[in-house]
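For the record, in the sequence shown the residue sitting at position 36 is 36 according to the UniProt record's numbering, with numbers rising by one throughout.
Below is one structure, written out as structure tokens; comments come after it.
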Amino acid sequence: MAQPEPGKTPGLRYTVVIVGGGAAGIAVAARLLHERPSLDVALIEPSTTHAYQPGWTLVGAGAMSLKSTLRQEGGLIPKGCTWIRAAAATFQPDDNTVTLADGRTVAYHRLVVCPGLQLDWDKIEGLKETLGRNGVCSNYSKDTVDYTWTCIQSLSGGTALFTQPPMPIKCAGAPQKIAYLASDYWRKHGTLFRTNVEFCLAGDALFGVAYFRPALQEAVDYYGINLQYKHTLVAVNGPERKATFAVTNPEGKTEHVVKDFDMLHVTPPQSAPDFIKQSPLANEGGWLAVDPATLQHTQYPLVFGLGDVIGTSNAKTMAAARAQTPIVVANLLASLDGKPFSGAYDGYGACPLTVGYGKIVLAEFLYGGKPAPSFPYDQRKPSRFAWFLKTTVFPRVYWDMMLKGRDITVPHHPEWSKS
């Protein structure tokens, strides 16, 4: 088991420093050491618990336990990697150093930045005070995801609101997936007919990739879900069970609308971590500025990035981080060796859209929303096979392959979507 780097030794120096010990950080560290065991690698991560976040939709729907999605961080740090159990605070890319929150400085020859994104709960007035009670839940936090299941089970009618903030967010399909699963539960228990289910989204499209929208609209119609476009949640009054939305009409005018609820599932606004926004590594939107193909920083060639923090147009999903990992590793090693880059990321992302228990629309796509299925069937059609992948195969691939540096690249075939 990896041990945290002890003491307050100044002037820490490593060949490769990785900021962030989530899916992307662990995967990159493991793959680097798998391909080059002698490499001097350090990983900066303050958390002691690691979460398989793609499972939280299923936890919120009672189909997976929260415990099964959590592991001890130290047990996942690959052998040969130094764990610096601290938070990164600032970057000095001109000096090739990172400063930690405790004041220590870490120097690098190459830097990989992958701290994920942050959930901006505070941007919704009153949310933090009521989250986890008064029928207000969220699958985006391990502290409240079990309460989602409690809310679904206890609701026997009334109004259930599900929200989606402006993009980008991690797993863009997650806000609607739980709406489908909840509706399916209520349908099976005979209470859906007396439940007003509303999916309130800030945008004007059900899903970003048009190819999959008809299949999702079928699910919306089947359950009788009311879609409310251009609705952005701005405030919650838990005790009174009232949610306030900023609603933009077709003329572009915005007004506040208050909705009563019996259950409210909130997807919080999301952005790059503040220490990234405030750094010289950020683009104008606050995200890490990297080349969309090579994943090398656009200004500092010794810096690479991947995962939710990067300012590219792909979906922010675990599948994207998985596809980006070999690209970053190949190009980083080429950079160290003074060789041309061989890796190019095509924007691959995947979102298993759970439209009911045992039914998943397996959405896979590239930059520009180009469909890129991995299996020779029409993946717009909900399938039990995709449910098996989501509930059984993908977690095993994550824990036993991706995080251990022995992942394989699964080919995707855009031409299969043309049939």
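Virtual Cβ for every residue (Gly too), placed ideally from N, Cα, C.
Quick caveat, the model's predicted, so the values are computed rather than measured.
- Pairing Ile124 with Thr148 gives a Cβ-Cβ distance that is not under 8 Å.
- Note on Thr57: 16 or more other CB atoms within 10 angstroms of its CB, so buried under the neighbour-count rule.
- In the DSSP assignment, Asp260 falls outside any alpha helix (DSSP H) and lies within the beta strand (DSSP E) extending over Thr254 to Asp260.
- As DSSP reads the structure, Glu125 sits in a beta bridge with Ala235.
- DSSP places Tyr223 inside the alpha helix (DSSP H), whose first and last residues are Arg213 to Tyr223.
- For the options Trp416, Ser417 and Asp407, the alpha carbon positioned closest to that of Ala24 is the one of Asp407.
- For Pro352, no alpha helix (DSSP H) run applies; the uninterrupted beta strand (DSSP E) run containing it begins and ends at Gly349 to Gly356, by DSSP.
- Of the candidates Pro115, Cys114, Gly116 and Leu131, the residue whose Cα lies closest to the Cα of Asp122 is Leu131.
- Shortest Cα-Cα distance from Gly55 to any of Tyr357, Lys390 and Asn226 involves Lys390.
- A check of alpha carbon separations from Thr105 across Phe91, Val113, Gly116 and Leu117 identifies Phe91 as the nearest.
- In the DSSP assignment, Cys171 falls outside any beta strand (DSSP E) and carries neither an H nor an E.
- A Cβ-Cβ contact shorter than 8 Å links Phe212 with Val361.
- Judged by beta-carbon spacing, Val59 lies within the 8 Å limit of Thr69, meaning their Cβ atoms are closer than that value.
- Here Leu181 carries a helix assignment [DSSP, helix/strand/coil].
- In the same chain as Tyr185, and ignoring 5 residues on each side of it, the C-beta atoms closer than 8 Å to its own belong to Ala61, Gly62, Ile152, Gln153 and Tyr357, in chain order.
- With respect to the C-alpha of Asp221, the residue from Thr232, Asn196, Glu240 and Val236 having the closest C-alpha is Asn196.
- Measuring C-alpha to C-alpha distances from Trp399 to each of Gln176, Tyr348, Gly75 and Val19 identifies Gly75 as the nearest.
- Spanning the alpha carbons of Ala289 and Pro280 requires a straight line of approximately 9 Å.
- Taken atom to atom, the span from the alpha-carbon of Ala344 to that of Arg133 is near 46 Å.
- Using a Cβ-Cβ distance cut-off of 8 Å, the stretch 326-343 and the stretch 379-389 are not in contact, since fewer than three pairs of beta carbons, one from each stretch, lie closer than that value.
- Here the C-alpha atom of Phe162 lies approximately 11 Å from the C-alpha atom of Ala243.
- Here the stretch 281-300 does not lie against the stretch 254-269, with fewer than 3 beta-carbon pairs under 8 Å apart.
- By the C-beta density criterion, Val393 is exposed, having fewer than 16 other C-beta atoms within 10 angstroms.
- Rounded to whole angstroms, the Cβ separation of Gly135 and Asp262 is 6 Å, and the two are in contact under 8 Å.
- Residue state for Phe193 is assigned as helix, using DSSP reduced to three classes.
- Around the C-beta of Lys170, 16 or more other C-beta atoms lie within 10 Å, and the residue is accordingly described as buried.
- The DSSP-derived three-state label of Met402 is helix.
- Distance between Leu201 and Pro268, taken at the CA atoms: about 12 Å.
- For Ala210, the number of other beta carbons within 10 angstroms of its own is below 16, and it is reported as exposed.
- Straight across, the Cα-Cα distance linking Asp308 with Pro352 is about 17 Å.
- Scanning its chain for C-beta atoms nearer than 6 Å, with the 5 sequence neighbours on each side dropped, one finds around Ala215 the residues Val361 and Arg380, in chain order.
- Assignment of beta-bridge partners to Ile18 by DSSP yields Leu43 and Val112.
- For Thr144, the secondary structure class from DSSP, reduced to helix, strand or coil, is coil.
- Put simply, of Gly20, Pro37 and Ala29 the residue whose alpha carbon is nearest the alpha carbon of Ala87 is Gly20.
- Assignment of Ala63 by DSSP, reduced to helix, strand and coil, places it in the coil class.
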